[in-house]
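Quick note on numbering that gives the first Met the number 0: the sequence shown kicks off at 0 and runs consecutively.
Virtual Cβ for every residue (Gly too), placed ideally from N, Cα, C.
Structure record follows, encoded as structure tokens.
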Amino acid sequence: MSTVFDINSLARENIRKLIPYMSARRLGGNGDIWLNANEYPIAPDFQLTENTLNRYPECQPATVIQRYANYAGLKPEQVLVSRGADESIELLTRVFCEPGRDAVLFCPPTYGMYSVSAETFGIEQKKLPAGTNWQPDITAIENNLDHVKLIYICSPNNPTGNLIDPTTLRQILELSRNRAIVAIDEAYIEFCPQHTSTRWLQDYPHLVILRTLSKAFALAGLRCGFTLASADIIALMLKVIAPYPLATPVADIAAQALTETGIRTMRNRVAEIVSNRSYLQQELNKLTLVENVFPSETNYILVKFTDAEIVFKTLWEQGIILRDQRKQLGLENCLRITVGSQNECEQLVSAINALSSQTQQIKETEHP
Ligand SMILES: Cc1ncc(COP(=O)(O)O)c(C=O)c1O
0 MSTVFDINSL ARENIRKLIP YMSARRLGGN GDIWLNANEY PIAPDFQLTE
50 NTLNRYPECQ PATVIQRYAN YAGLKPEQVL VSRGADESIE LLTRVFCEPG
100 RDAVLFCPPT YGMYSVSAET FGIEQKKLPA GTNWQPDITA IENNLDHVKL
150 IYICSPNNPT GNLIDPTTLR QILELSRNRA IVAIDEAYIE FCPQHTSTRW
200 LQDYPHLVIL RTLSKAFALA GLRCGFTLAS ADIIALMLKV IAPYPLATPV
250 ADIAAQALTE TGIRTMRNRV AEIVSNRSYL QQELNKLTLV ENVFPSETNY
300 ILVKFTDAEI VFKTLWEQGI ILRDQRKQLG LENCLRITVG SQNECEQLVS
350 AINALSSQTQ QIKETEHP
């Protein structure tokens with residue numbers, strides 16, 4: 000009688016233990032209103048123009064690189080295009096971190112893929128909790144730089160929505176000079192473009208900036224992101240990237256999104272979302288179930304509720320899907336809400352409002 004062989008025993012130990020990143024799509028839900036992945040609510044209209052699918056694509060499509068370089072005000076050799084900013088995180092880990100020896104450092108609460116990527120490659124993680132107003136704790140960073148090769152700073156930060164103070168960013172860049180790479184994740188920078196750190200690339204050869212077309216460019220389904228860095232860092236990343244990271248249709252649409260018209264359309268979208276965000280902040284602040292609406296520089300808002308579980312579940316059952324942040328460090332009773340269309344914002348407010356009235360009525364019956 001043969002015993003059943005457990006295939007898991009062949010997997011690397013860290014992969015057996017790994018809790019995968021729970022992306023919005025993996026979490027599921029049966030929604031009409033998707034406010035859990037910081038996407039743009041309406042699909043943009045693009046037509047494919049490249050029909051050469053019998054051929055492999057360029058590894059780094061020249062038009063896409065040139066247009067992104069123009070958009071970011073950089074040289075083409077300072078730009079790498081990849082399968083979303085997530086692939087860039089993975090490439091940085093593979094290029095710079097030696098398993099069992101090096102470490103990555105980041106300041107929770109922040110974007111989950113920094114941790115998952117390090118875990119996947121068996122890299123030590125130094126998680127230094129953010130301090131007041133979710134700013135990195137400089138002293139803690141200074142005291143924990145041993146073996147650190149990669150520091151992630153998300154600005155504006157996901158899920159809190161705040162920018163990292165430029166003085167703090169400078170301090171981190173100074174502390175890490177000649178020691179570690181500093182990756183500033185600017186996935187949401189189009190919502191506050193004046194705060195980009197690209198101008199510092201010329202002063203800091205160890206600075207890397209992550210960008211994406213998934214947010215303000217409304218192309219999360221395209222899977223296209225960018226790394227901005229010194230030509231030397233880009234060259235290292237090109238050593239480990241897959242031979243054909245971008246499908247021909249992806250490059251085709253990315254190139255269109257980065258034309259002058261594409262960029263103008265993106266800016267109009269940003270203006271619309273910023274206006275909806277003001278509306279949402281104002282209305283949420285009036286609701287009794289809401290304890291705090293945190294300021295945001297992005298297309299999402301972090302909200303602290305008196306009872307986040309009830310709000311999350313009730314809205315989930317009504318097909319309004321939010322992102323639960325209660326398990327993140329320091330985010331008890333917090334939910335992250337993507338700013339959707341005006342209509343979606345109104346439906347969201349009205350659903351929480353109805354729940355507030357219901358909860359109030361129950362309280363009054365219990366304690367008349
Ligand atoms: C802060 C941050 N960085 C990176 C990403 C990943 O972006 P992409 O869709 O380009 O992989 C996200 C996606 O939500 C994000 O929030």
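- Residues whose Cβ lies closer than 6 Å to any heavy atom of ligand 1, listed in chain order: Asn37, Gly83, Ala84, Asp85, Tyr110, Cys153, Asn157, Asp184, Ala186, Thr211, Ser213, Ala219 and Gly224.
- Bridge pairing for Trp33: Ile320 [DSSP].
- Looking only at Ile163, Val292 and Gln124, the smallest Cα-Cα distance to Ala307 is reached by Val292.
- Taken atom to atom, the span from the alpha-carbon of Pro56 to that of Arg325 is near 42 Å.
- About 4 Å separates the CB atoms of Ile320 and Gly28; that is less than 8 Å, so the two are in contact.
- The alpha carbon of Ile41 has as its nearest neighbour, out of Leu330, Phe311, Leu347 and Phe216, the alpha carbon of Phe216.
- For Phe95, the uninterrupted alpha helix (DSSP H) segment begins and ends at Gly83 to Phe95.
- If you draw a 10 Å sphere on the C-beta of Ala228, you find 16 or more other C-beta atoms in it, and that means buried.
- Going by beta carbons, Pro155 and Cys191 fall inside the 8 Å limit.
- In the three-state reduction of the DSSP assignment, Asp306 falls in the coil class, being assigned neither a helical nor a strand state.
- Judged by beta-carbon spacing, Thr226 lies within the 8 Å limit of Ser81, meaning their Cβ atoms are closer than that value.
- Counting only runs of 4 or more residues that sit fully inside the stretch 160-184, the alpha helix (DSSP H) segments are 165-174, in chain order.
- Between the C-alpha atoms of Ser277 and Ala71 there is a straight-line separation of about 27 Å.
- Counting other Cβ atoms within 10 Å of its Cβ, Lys312 stays below 16 and is therefore classed as exposed.
- In this model, Glu76 and Ile232 are separated by some 10 Å (Cα to Cα).
- Counting only the Cα atoms, Leu47 lies some 45 Å from Glu331.
- The alpha-carbon separation between Asp184 and Asn35 amounts to approximately 19 Å.
- It is roughly 16 Å from the alpha-carbon of Val103 to the alpha-carbon of Ile137.
- Gly224 is the residue among Gly318, Gly224 and Arg268 whose C-alpha sits nearest the C-alpha of Ile252.
- Annotation: the continuous beta strand (DSSP E) that includes Leu227 extends over Gly224 to Leu227.
- At a Cβ-Cβ threshold of 8 Å, Val207 and Ile180 count as neighbours.
- In terms of Cβ geometry, Thr305 and Glu282 do not form a close pair [threshold 8 Å].
- The residue from Arg169, Thr247 and Asn142 with its alpha-carbon nearest to that of Arg54 is Thr247.
- For Thr211, the uninterrupted beta strand (DSSP E) run begins and ends at Leu206 to Thr211, by DSSP.
- In this structure, DSSP gives Asn291 an extended state, which the three-state scheme calls strand.
- Put simply, the backbone Cα of Pro43 is about 26 Å away from that of Gln317.
- Taking 8 Å as the cut-off, the Cβ atoms of Ile300 and Ile336 count as close.
- In this structure, Val147 is the residue among Gly83, Val147, Pro244 and Gly261 with its C-alpha nearest to the C-alpha of Asn177.
- Under DSSP, Glu123 forms a beta bridge with Ala102.
- Between Thr287 and Ser355, the beta carbon gap of about 5 Å places them in contact (Cβ cut-off 8 Å).
- Note on geometry: alpha-carbon atoms of Arg322 and Gly160 lie some 14 Å from one another.
- Taking all protein chains in view, the Cβ of Pro165 is surrounded by fewer than 16 other Cβ atoms within 10 Å, so the residue is classified as exposed.
- Ile233: not part of any beta strand (DSSP E); member of the alpha helix (DSSP H) spanning Ala230 to Val239, first to last residue.
- A direct Cα-to-Cα measurement between Glu118 and His205 gives close to 23 Å.
- Secondary-structure assignment with DSSP links Ile300 through a beta bridge to Ile336.
- In this structure Asn275 is buried. Its beta-carbon is surrounded by 16 or more other beta-carbon atoms within 10 angstroms.
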